[in-house]
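Chemist: Take this structure, written in structure tokens, and hold onto it; I'll ask about it next.
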Amino acid sequence: MSERLSRRKLITTGIAAAAGASGLGVAARLADRYGLIPPDDGGVYGAGETMTYAAQRLLMARHSLAREYTRSDISKIAPVKGEAPENETYQRLSAGGFADWRLKIDGLVARPSFFSLAELKRLPSQNHIYHQACEEGWSFIAEWTGVSLSYVLNLVGVLPQAKYVVFFGFDTNFDAVDKQTIKGKWNSIDMAEAWHPQSLLAYGMNGRELPPGHGAPLRLRVPRQLGGKSTKYLSWITLTDTVKDIGQGFGAGGVERGFSWYAGI
Amino acid sequence: MVAFRYGPAVFGAMIAATLMAQSTYLPGLAIQSSESLDSPRHTAAVRITHWITAISFVGLLISGIAILIAHPRLYWGETGALGGPSLIDLPIPFMIGHSGWGRYLHFLSAWVCVLTGLFYVYSGVLTQHFRKDLLPAKADLAWSRVARIVWNELRWKRPTEDESLTYNVVQRLAYLGVIFVLFPLIILTGFGMSPAIASVVPVVRSGFGGQQSARTIHFFVAVALVLFLCVHLAMVYLAGFTNRVRAMITGYSAARKERS
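Residue numbers (the working numbering), protein chains in the order written: chain A, 13 to 277; chain B, 492 to 751.
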């Protein structure tokens, strides 16, 4: 039997393994270049997370659309995870019907801007009825009204270096001087998700104003990822080429609490 | 780049595994025994994929439970939430806070399990493992034979060493069911829960009747796999734990001194 594991076989194995290793090196460089490596690629789970993110991004190379339902499919119960921010700024803006609220968009954009709720509502609006699942397992279908994220991004003019759109809500300390001290439910998405035609900045739900629990006055909706990715209570959106300098550098506050950055599952 | 740190090692292991599958029995891995009656039992490909699958299955099971206990309530259709009707309320308390690492571990284990499974199926077709070792003979499919085997196992009757050298018809059907029905089904229902994959291939969700139906089926297939594992372990114990585990590690069954 031992003759069958001959020297020739061992040499073949060596050459094949070397070819495989260099092939993986090339793959790693290509993956990085085409944005197939998530910010939380380190640690024990990084390998699995990178494979999932890269595989799904390649699978969705062309914009795949989440299913759109009809009004009769809308769930009677739309549970809320978490509560509206308790900080003084949010309470004051909420009491004033968010008339004084402004959405700041800056970073790698040609025209950093502020938008009031009224200004956003004057932009072309869209309605989407899609399914939203929570990390925990429950789910519901709702209708969301808002302005397409890509429309707003085109208004401010995204610079070609931008790789991520980062979202900060009132439940984060977004006004921290040092971005590394930002904590809370901030999140980020890649440009593929940002330019997706169903990605929405929503100010209405099921034909009404966005309720406080669901993220009033404005929230993100990305239907191809778990609900937690759709940041609520938006205050500030920034475009960047790296998320390494925000919080602990994993691209989302949730990663610091143990949840993976990419949530297409 | 960290993700690719282990890449070359994994790739090398796969190449080595292919070669081992070709050379079938590696003398170096076998326990050197003075007894010449040791009989070849499992190929290297079967042994290596068996143990990697076993480890990844433990990872999937632990993380699956961690994810499930965040919301131990099962639904049917597209949606389901607290306050609405459920299909089954599992008698487990709601424990939020484990689904984060649970999901990380679940997908890491899933990748290992699926890639190992693909390699196993590929090598099983190549070496005719399925045709030779698992496909039951037509004559063996008679109900009387199946019933006799099950009856013997229920009576806890130890199989003879000759019987241990090949799979009986019940084993063949159970293994084929796990490999070609339960595993594909649990992978597909997993895809059905993914909003990203369902946006590319909607039928993985609609085919099961919706996201929550896919989740419920995923749960029951997992239960079926755990039941299979329990019976599998019981049968390994019945057939002689040390010798069977030794066969799955070294590839050889030790010759039994006493004749049963």
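Every residue, glycine too, gets a C-beta built ideally from N, C-alpha and C.
(1) Between A:Thr-184 and B:Thr-570, what straight-line distance do the alpha-carbon atoms span, to the nearest angstrom?
(2) Beta-carbon of B:Leu-520 versus every beta-carbon of chain A: anything under 9 Å?
(3) Going along chain A, which residues have a C-beta under 8 Å from B:Met-684?
(4) May I have a chain-ordered list of the alpha helix (DSSP H) segments no shorter than 4 residues that lie completely inside the stretch 70-143 of chain A?
(5) Start and end of the beta strand (DSSP E) containing A:Ile-201?
(6) When the Cβ atoms of the stretch 644-664 of chain B are set against those of the stretch 626-633 of chain B, are three or more pairs found closer than 8 Å?
(7) Comparing C-alpha positions only, which one of B:Pro-584, B:Trp-602 and B:Ile-670 sits nearest to B:Val-712?
(8) Under the three-state reduction of DSSP, which class applies to B:Pro-531: helix, strand or coil?
(9) Comparing alpha-carbon positions, which option in B:Arg-594, B:Asp-631, B:Arg-636 and B:Leu-673 lies nearest B:Leu-718?
(10) Using only the alpha-carbon positions, how far apart do B:Arg-496 and A:Met-203 sit?
(11) I want to know whether the stretch 186-193 of chain A touches the stretch 53-70 of chain A - three or more CB-CB distances under 8 Å.
(12) Would you grab the beta carbon distance between B:Leu-596 and B:Gly-550 for me? Rounded to a whole angstrom, and I think it's under 8 Å.
(13) Does the beta carbon of B:Gln-619 come closer than 9 Å to any beta carbon on chain A?
(14) Using the DSSP secondary-structure output, state which residues sit across from A:Glu-248 in a beta bridge.
(15) B:Phe-598 versus chain A: which residues are under 9 Å apart at the beta carbon?
(16) Quick one: residues in its chain with C-beta nearer than 6 Å to the C-beta of B:Tyr-611, no 5 flanking neighbours on either side, listed in chain order?
(17) Classify A:Arg-269 as helix, strand or coil using the three-state DSSP reduction.
(18) Ends of the alpha helix (DSSP H) at B:Val-612?
(19) What's the gap between the Cα of A:Leu-296 and the Cα of A:Tyr-81?
(20) When DSSP builds the beta bridges, which residues end up paired with B:Tyr-743?
(21) Could you run through the stretch 689-703 of chain B and flag, in chain order, every residue whose CB is less than 9 Å away from some CB of chain A?
(22) Of the choices B:Ile-558, B:Ala-535 and B:His-533, whose alpha-carbon is the least far from that of A:Ile-277?
(23) CB A:Leu-246 to CB A:Val-170, shorter than 9 Å?
(24) Please name the residue in B:Tyr-613, B:Leu-609, B:Leu-679 and B:Arg-649 whose C-alpha comes closest to that of B:Gly-701.
(25) For B:Tyr-743 and chain A, any beta-carbon pair shorter than 9 Å?
(26) Considering only residues of the same chain and omitting the five flanking positions on each side of A:Leu-77, which have a CB-CB separation below 8 Å?
(27) Give me the Cα-Cα distance between A:Ser-46 and A:Thr-62, rounded to the nearest whole angstrom.
(28) Closer than 8 Å, Cβ to any Cβ of chain A: which residues of the stretch 574-602 of chain B, in chain order?
(29) With burial defined as no fewer than 16 other Cβ atoms inside 10 Å of the residue's Cβ, what is the status of A:His-75: buried or exposed?
(30) As a quick exercise: from B:His-620, B:Val-605 and B:Leu-676, pick the residue whose alpha carbon is nearest that of B:Val-537.
(31) For the alpha helix (DSSP H) containing A:Ile-277, list its first residue and its last residue.
(32) List, in chain order, every chain B residue whose beta-carbon is nearer than 8 Å to that of A:Ala-78.
Modeler: For this structure:
(1) Residue 184 of chain A sits at position 172 when you count from the first residue of the first sequence. Residue 570 of chain B sits at position 79 when you count from the first residue of the second sequence. Whole-angstrom Cα-Cα distance: 30 Å.
(2) Within the second sequence, numbered from 1, the residue matching residue 520 of chain B stands at position 29. Its pLDDT being 49, under 50, B:Leu-520 is placed unreliably by the model, and the measurement read from it follows with that caveat. So no, B:Leu-520 is outside the interface.
(3) In the second sequence, counting from the first residue as 1, residue 684 of chain B sits at position 193. Per Cβ cutoff of 8 Å: Ala-145 and Ile-277.
(4) List check, alpha helix (DSSP H) in window: 100-107 and 129-134.
(5) Along the first sequence, one-based indexing puts residue 201 of chain A at 189. Looking at the DSSP string, the run of the beta strand (DSSP E) that includes A:Ile-201 is 199-202.
(6) yes
(7) What you label residue 712 of chain B is simply residue 221 of the second sequence in a count that begins at 1. It is B:Ile-670.
(8) To locate residue 531 of chain B, count along the second sequence from 1; it is residue 40. DSSP places B:Pro-531 in strand when its eight states are reduced to three.
(9) By one-based count along the second sequence, residue 718 of chain B stands at place 227. Minimum Cα distance to B:Leu-718 is reached at B:Leu-673.
(10) Within the second sequence, the letter at position 5 stands for residue 496 of chain B. Within the first sequence, the letter at position 191 stands for residue 203 of chain A. Because the pLDDT at B:Arg-496 is just 49, under 50, the model does not fix this residue reliably, and the point stays unresolved.
(11) no
(12) Counting from one through the second sequence, the residue named residue 596 of chain B turns up at place 105. Counting from one through the second sequence, the residue named residue 550 of chain B turns up at place 59. 6 Å between Cβ atoms; contact.
(13) Mapped onto the second sequence, residue 619 of chain B falls at position 128. False, the Cβ-Cβ gap to chain A never drops below 9 Å.
(14) Position 236 of the first sequence, counted from the first residue, corresponds to residue 248 of chain A. The displayed chain sequence assigns Trp, not Glu, to residue 248 of chain A. A:Lys-116 and A:Phe-180, per the DSSP bridge assignment.
(15) As a working note, residue 598 of chain B is residue 107 in the second sequence. Here the neighbours are Tyr-57, Gly-60, Glu-61, Met-63, Thr-64, Ser-272 and Ile-277.
(16) Start at 1 with the first residue of the second sequence, and residue 611 of chain B comes out as number 120. Answer for B:Tyr-611: Thr-540, listed in chain order.
(17) On the first sequence, position 257 is the one that residue 269 of chain A refers to. Three-state DSSP puts A:Arg-269 in coil, outside helix and strand.
(18) The residue you call residue 612 of chain B lines up with position 121 of the second sequence. 590-617 is the span of the alpha helix (DSSP H), which, as asked, contains B:Val-612.
(19) Residue 296 of chain A is absent from the model: chain A starts at 13 and stops at 277.
(20) By 1-based counting over the second sequence, the position of residue 743 of chain B is 252. B:Tyr-743 pairs with B:Pro-531.
(21) Ala-689, Ser-690, Val-691, Val-692, Pro-693, Arg-696, Ser-697, Gly-701, Gln-702 and Gln-703
(22) By one-based count along the first sequence, residue 277 of chain A stands at place 265. Of the listed residues, the one whose Cα sits closest to A:Ile-277 is B:Ile-558.
(23) The residue labelled residue 246 of chain A in the question sits at position 234 within the first sequence. The residue labelled residue 170 of chain A in the question sits at position 158 within the first sequence. Taking 9 Å as the Cβ cut-off, A:Leu-246 and A:Val-170 do not qualify as a contacting pair.
(24) The residue labelled residue 701 of chain B in the question sits at position 210 within the second sequence. B:Gly-701 has its Cα closest to that of B:Leu-679, out of B:Tyr-613, B:Leu-609, B:Leu-679 and B:Arg-649.
(25) Locating residue 743 of chain B in the second sequence gives position 252, counting from the first residue. No, its Cβ sits nowhere closer than 9 Å to a Cβ of chain A.
(26) Here residue 77 of chain A refers to the residue found at position 65 of the first sequence. Pro-209 and Gln-210, listed in sequence order.
(27) As a working note, residue 46 of chain A is residue 34 in the first sequence. As a working note, residue 62 of chain A is residue 50 in the first sequence. The sequence given here places Tyr at residue 46 of chain A; Ser does not occur at that position. Cα to Cα, A:Tyr-46 sits roughly 13 Å from A:Thr-62.
(28) Gly-574, Gly-575, Ile-587, Ser-590, Gly-591, Trp-592, Arg-594, Tyr-595, Leu-596, Phe-598, Leu-599, Ser-600, Ala-601 and Trp-602
(29) Residue numbering aside, residue 75 of chain A sits at position 63 when the first sequence is read from its first letter. The residue is exposed, with fewer than 16 neighbouring Cβ atoms inside 10 Å.
(30) The sequence position of residue 537 of chain B within the second sequence is 46, counting from 1. Residue B:His-620 is the option with its Cα nearest to B:Val-537.
(31) Along the first sequence, read from residue 1 onward, the residue named residue 277 of chain A stands at position 265. No alpha helix (DSSP H) contains A:Ile-277, which DSSP labels as neither H nor E.
(32) Within the first sequence, residue 78 of chain A is the residue found at index 66, counting from 1. By Cβ distance, chain B contributes Pro-686, Ala-689 and Ser-690.
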